[in-house]
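All residue numbers for the sequence shown refer to numbering that gives the first Met the number 0, where the first residue is 0 and numbers rise by one. Heads up, the beta-carbon is just placed ideally off N, CA and C, and yes, glycines get one too. Just so it is clear, the structure is predicted and the values come from calculations on it, not from any experiment. For reference, the structure is listed below as structure tokens.
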Amino acid sequence: MKMAQRKNVTKKRGSFRKSVVISLVLISVISLALTGMVSQQFMTYIGDDTTSLAASALREQAIRNMELTAEKNALVINQKLARAEGMIRAMANECEQIFSDESTVQPREAYYDYFFENPGGPQPDDNHYEEGYGLNVSWTYSSWYHPSANSTNYNDTADANAEKLGRASNLDFIFQGIHQQMPEFRWLYLAFTNDLFINYPGSILDLESYSATSQPWYIDILSGSPDITYVEPYFDEFEGVLLISIGRVVRYDNGSIIGVISGDISVADINEKILDVQVLESGYASLIEKSGGGIIAHPDLSPEDYAEFWVENEILMPLTEMEINNDSTEALSDAHLAQIRSVQAGGVGNLTYIRNGESHLLVYASVERGNYIVVIIVPEDEVLSAIPPLEERIDVANQQALAFILAITVGGIIVAGAVAIVISNQITRPLQYLMDLATRNVEA
0 MKMAQRKNVT
10 KKRGSFRKSV
20 VISLVLISVI
30 SLALTGMVSQ
40 QFMTYIGDDT
50 TSLAASALRE
60 QAIRNMELTA
70 EKNALVINQK
80 LARAEGMIRA
90 MANECEQIFS
100 DESTVQPREA
110 YYDYFFENPG
120 GPQPDDNHYE
130 EGYGLNVSWT
140 YSSWYHPSAN
150 STNYNDTADA
160 NAEKLGRASN
170 LDFIFQGIHQ
180 QMPEFRWLYL
190 AFTNDLFINY
200 PGSILDLESY
210 SATSQPWYID
220 ILSGSPDITY
230 VEPYFDEFEG
240 VLLISIGRVV
250 RYDNGSIIGV
260 ISGDISVADI
270 NEKILDVQVL
280 ESGYASLIEK
290 SGGGIIAHPD
300 LSPEDYAEFW
310 VENEILMPLT
320 EMEINNDSTE
330 ALSDAHLAQI
340 RSVQAGGVGN
350 LTYIRNGESH
360 LLVYASVERG
370 NYIVVIIVPE
380 DEVLSAIPPL
390 EERIDVANQQ
400 ALAFILAITV
410 GGIIVAGAVA
420 IVISNQITRP
430 LQYLMDLATR
440 NVEA
């Protein structure tokens, strides 16, 4: 009987200790497991959020970099136009001084344009063929033209305009100075109100009955008085180049109009600056006019393309004509172009459009002078090309962090189990002693 009771006591003793150990181990394991799961979920959330924020930040930074590039190019063009404006103002001031009542200038030789290419009349000594112009020119003298003059009666026209021609001949000096300082000016000229036309460098105009006062550039500059006026860029069919005209009305001392003095800048130099812009792999820059969105500079437009479109439409090709899908459907819409053209002076902006199923980013910046806009276009995939490697690096970091958390959790469970056993033994032994003592007292 007593032997059976001892076995029962021993069994209860083991059961009690086992229960305590299991309880402590379970508490430790569950606590650490829950902590590990929470940490894992938190790391996953942080990783996803970091990826999203990084992608968004990368896109915004790329757009800002494109905007800065556009602004930089707009500034370069603006500086060039500001310099050109200064030349035109100097030329206009000199013209008004020459035609003032106090002027004491002496007349120089004035050469009729026809004889720059044909015999039978006076020519400047330096009249020579200039390959860049495709005709004979003089860098020392200007030429004059009037619709009423021809090779037989030009002296009569010269006599009728002797005062104007004598004074205007002194403009040759400032014409030469401007050409030397800013050779981008292809032509410098003065158009009187009676259609007398002074042109530098001296050369043949080679036009019949050309009335300068009825030309759009003359009318635009006249209506823009007294400010410097930019004429919308146009394609010169005779020269085969795209030109920007800048001019100002000039007046006599009494306020009456002498005429319009102006200069034509070839966009070749501006074109080079625009086309030199490299944006990622296939991005490019373009320059358009604000008034109609016509293209002034574009990497995919040749002089022949400008000429063909100009002859057919008498306007510059709109940017929407270039940004089309392979099936010739619209990619960049008129609404997009209207948004670009609405940019304020000195402002920047951006938009996204789809071309051939691919998203493109377009940023634009206003040129302060001349009402021009710099445009930069790049496929969005190129902008976001750094995101997949970034996501991969973040994912690897997350996996490493999760593996570390798992290792810590498992190690913690093992350590916690061992500690639980040790602690349970320390707790249960005194209790077991008391229980055994109480049992013996009861049995006694």
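Under DSSP, the alpha helix (DSSP H) around residue i begins and ends at which residues?
i           : result
residue 217 : 215-222
residue 153 : 153-159
residue 312 : 302-312
residue 319 : 318-321
residue 382 : 379-382
Below 8 angstroms on the Cβ atoms is my contact criterion, and I expect residue i with residue j to pass it. Report the Cβ-Cβ distance as a whole number of Å.
i           : j           : result
residue 98  : residue 257 : 6 angstroms
residue 379 : residue 354 : Wrong, their Cβ atoms sit about 10 angstroms apart, outside the cutoff.
residue 261 : residue 216 : 7 angstroms
residue 288 : residue 349 : The Cβ separation is near 20 angstroms, so there is no contact.
residue 186 : residue 169 : With 8 angstroms as the limit, residue 186 and residue 169 do not qualify as a contact, their Cβ atoms being about 18 angstroms apart.
residue 196 : residue 145 : 7 angstroms
residue 156 : residue 147 : 6 angstroms
residue 188 : residue 150 : Wrong, their Cβ atoms sit about 21 angstroms apart, outside the cutoff.
residue 84  : residue 368 : 7 angstroms
residue 300 : residue 316 : 7 angstroms
residue 100 : residue 252 : 5 angstroms
residue 245 : residue 76  : The Cβ separation is near 13 angstroms, so there is no contact.
Take residue i and list the residues in its own chain whose beta-carbon comes closer than 6 angstroms to its own, dropping the five residues that flank it on each side.
i           : result
residue 136 : 129, 200 and 202
residue 79  : none
residue 377 : 278, 279, 282 and 360
residue 340 : 289 and 292
residue 95  : 249
residue 138 : 200
So, with DSSP's three-state summary, where would you put residue i?
i           : result
residue 227 : coil
residue 170 : helix
residue 138 : coil
residue 268 : helix
residue 444 : The question about residue 444 has no answer, for the chain in this structure spans 0 to 443.
residue 98  : coil
residue 108 : coil
residue 373 : strand
residue 176 : helix
residue 129 : strand
residue 325 : coil
residue 330 : coil
residue 117 : coil
residue 198 : strand
residue 257 : strand
residue 203 : coil
residue 346 : coil
residue 292 : coil
residue 1   : In this prediction, residue 1 has a pLDDT of 47, which is less than 50 and means its spatial position is unreliable; what the coordinates show is noted afterwards. Helix.
residue 8   : With a pLDDT of 48 at residue 8, under the threshold of 50, the modelled position of this residue cannot be trusted, and the question is left open.
For residue i, I'd like the list of residues in its chain whose CB is within less than 7 angstroms of its CB, leaving aside the five on either flank, ordered along the chain.
i           : result
residue 365 : 73, 342, 343, 344, 345, 346 and 372
residue 69  : 347, 362, 363, 364, 373 and 375
residue 61  : 382
residue 91  : 247, 249 and 260
residue 231 : 288 and 290
residue 324 : 330, 354 and 355
residue 233 : 242
residue 29  : none
Can you list, in chain order, the residues of its chain whose CB lies under 8 angstroms from that of residue i, leaving out five sequence neighbours each side?
i           : result
residue 88  : 227 and 247
residue 0   : At residue 0, the pLDDT of 47 sits below 50, so the modelled position is not reliable; the number obtained from the coordinates is stated separately. There are no such residues.
residue 3   : The predicted position of residue 3 is uncertain, since its pLDDT is 48 and thus under 50; a value taken from the coordinates is nonetheless stated next. No residues qualify anywhere along the chain.
residue 332 : 319 and 352
residue 107 : 140, 165, 168, 169 and 171
residue 192 : 212, 256, 257 and 258
residue 102 : 96 and 166
Within the 9 angstroms Cβ cut-off, does residue i reach chain D?
i           : result
residue 318 : The structure shown contains no chain D; it holds only a single protein chain.
Output the boundary residues of the beta strand (DSSP E) element that contains residue i.
i           : result
residue 250 : 240-250
residue 185 : 184-191
residue 336 : It is not in any beta strand (DSSP E) - residue 336 instead sits in the alpha helix (DSSP H) that spans 333-340.
residue 286 : 283-288
residue 362 : 357-366
> Pairing CB atoms from the region 209-228 with CB atoms from the region 120-130, are three or more of them under 8 angstroms?
Replying inline: Verdict: no, contact absent.
> Between the region 173-182 and the region 220-227, do three or more beta carbon pairs fall short of 8 angstroms?
Replying inline: Under the Cβ criterion (8 angstroms, minimum of three pairs), the region 173-182 does not count as touching the region 220-227.
>> For the region 290-303 against the region 225-245, do three or more pairs of beta-carbon atoms, one drawn from each stretch, fall closer than 8 angstroms, so that the two count as touching?
In response: A contact exists between the region 290-303 and the region 225-245.
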